[in-house]
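Using the numbering used here, read the sequence shown as starting at 1 and increasing by one per residue.
Structure first, commentary second.
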Amino acid sequence: MVNLRLGVNIDHVATIRNARGGEHPDPVRAAEMAAAAGADGITAHLREDRRHIRDHDIERLMGEMSLPLNLEMAATEEMLAIALRHRPHAVCIVPERREEVTTEGGLDAAGQHNHLKPFVSRLADAGIRVSLFINADRVQLKAAVSLGAPVVELHTGAYAHAGDAKDAAKIDAEFQRLANGAREGFALGLEVHAGHGLTFDNVTPVAALREIRELNIGHFLIGEAIFDGLPATIRRMRDLMDQARAPKREA
Ligand code: PXP
1 MVNLRLGVNI
11 DHVATIRNAR
21 GGEHPDPVRA
31 AEMAAAAGAD
41 GITAHLREDR
51 RHIRDHDIER
61 LMGEMSLPLN
71 LEMAATEEML
81 AIALRHRPHA
91 VCIVPERREE
101 VTTEGGLDAA
111 GQHNHLKPFV
121 SRLADAGIRV
131 SLFINADRVQ
141 LKAAVSLGAP
151 VVELHTGAYA
161 HAGDAKDAAK
171 IDAEFQRLAN
181 GAREGFALGL
191 EVHAGHGLTF
201 DNVTPVAALR
211 EIRELNIGHF
221 LIGEAIFDGL
231 PATIRRMRDL
241 MDQARAPKRE
251 A
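Listed below in structure tokens is the structure:
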């Protein structure tokens with residue numbers, strides 16, 4: 001059985017810290033706790049406006065943390081220079097609009113082919129594993145292949161929002177889209193990840209998709225940690241993912 005990795009996104013530890021402008025709570029401490037609780041990697045999004053993770057956090061994560069870092073960033077020259085300076089294990093290229101609350105949709109890898117190509121190449125040349133955060137569409141999957149990205153992360157936000165709205169037909173349609181995307185991506189030779197809006201309530205069907213190698217989860221884990229603590233929250237998510245992946249027993 002192929003292991004399903006859990007990447008814990010620590011952005012919102014930094015959001016809380018930044019609300020008071022001091023040092024607490026420390027995202028690096030959260031990263032170490034996540035490692036001890038069963039996370040396989042840490043994800044952090046360095047936004048242009050530095051609203052959560054900041055440059056110094058990336059420096060500390062790279063210097064002090066035991067887990068591999070997946071740096072989410074927009075395809076800009078500023079971010080490329082930062083990635084090449086720190087050389088994280090992976091970079092996930094995401095679309096970024098300054099006014100958005102969170103990353104609202106996938107990257108248009110097909111439409112932005114010429115813009116993205118040098119970013120993918122320069123990151124890959126530096127030995128960084130490049131991932132593209134895309135919607136689960138065939139056109140985008142093929143564009144990832146033609147760009148030479150070894151990894152895609154499928155945007156699970158529409159599936160998660162359908163669940164929040166309790167819209168059963170939409171949950172089903174969005175889930176099918178993810179399942180098809182995971183299958184097609186895998187068949188195209190891509191390593192398939194997924195993330196955005198995943199919770200205890202909606203993670204199981206996504207985790208059960210065998211073509212998916214990694215889930216990146218942040219906001220829910222950090223929010224739930226307020227009630228149950230970060231280690232217990234991560235352990236429970238890890239258990240749900242492992243149970244979803246466990247071989248089914250014959251009746
Ligand atoms: N994956 C990517 C590429 C993201 O941009 C985000 C949000 O920053 C996540 C995963 C995690 O989403 P959430 O915080 O909703 O779990």
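Beta carbons are placed, not taken as given, at the ideal position from N, Cα and C, and that holds for glycine.
Mind checking which residues open and close the beta strand (DSSP E) that includes residue i?
i, result
"I234", "Not the beta strand (DSSP E): I234 falls in the alpha helix (DSSP H), residues 230-245."
"A168", "Note, A168: premise wrong, no beta strand (DSSP E); alpha helix (DSSP H) at 168-187."
"G195", "191-195"
"I134", "129-134"
"H155", "151-155"
"L215", "212-217"
Please go through the same chain and pick out, in chain order, the residues whose beta-carbon is closer than 6 Å to the beta-carbon of residue i, but skip the five residues on each side of it.
i, result
"N253", "Because the chain in this structure spans residues 1 to 251, residue 253 falls outside the shown range and cannot be described."
"A37", "P231, I234, R235"
"L132", "I93, L107, A109, A144, A149, V152"
"D40", "R5, L6"
"G185", "L141, V152, V192"
"A244", "T204, A207, A208"
"G157", "H196, G197"
"P27", "I10, V13, A14, D57"
"D228", "none"
"I212", "A182, V192, A194"
Could you pull the start and end residues of the alpha helix (DSSP H) that residue i belongs to?
i, result
"H115", "113-125"
"E32", "27-36"
"L4", "Careful: L4 lies outside any alpha helix (DSSP H) and carries neither H nor E."
"E64", "55-64"
"A143", "138-147"
"A165", "Run containing A165: none; DSSP gives neither H nor E here."
"A205", "Checking the sequence shown, residue 205 turns out to be Pro, not Ala. From DSSP, the alpha helix (DSSP H) with P205 extends over 203-207."
Who are the Cβ neighbours of residue i in its own chain at under 7 Å, not counting the five residues just before and after it?
i, result
"M33", "L230, P231"
"F119", "A75, L80, I93"
"H12", "H52, G218, H219, I222"
"H115", "A75"
"A83", "L71, M73, V91, L123, I128"
"D201", "G163"
"G105", "P95, N135, H155"
"A31", "I10, I42, L61, M65, L67"
"M241", "L4, L6, V203, A207, L215"
Between which residues of its own chain and residue i is the CB-CB distance below 8 Å, once the five residues before and five after are set aside?
i, result
"A110", "V139, Q140, K142, A143"
"S121", "G148"
"H113", "A143, S146, L147"
"H24", "R17"
Using the DSSP secondary-structure output, state which residues sit across from residue i in a beta bridge.
i, result
"N9", "T43"
"M73", "I93"
Let me see if you follow: with CB-CB separation under 8 Å, is residue i close to chain B or not?
i, result
"R177", "Included in the structure is just one protein chain, with no chain B present."
Fully enclosed by the segment 79-114, which beta strand (DSSP E) runs are 3 residues long or longer?
90-93
For review: beta carbons within less than 6 Å of any heavy atom in the ligand PXP:
Listed along the chain, these residues meet the criterion: N9, D11, H45, E72, C92, V94, T102, T103, F133, E153, G195, H196, G197, L198, N216, I217, G218, H219, F220.
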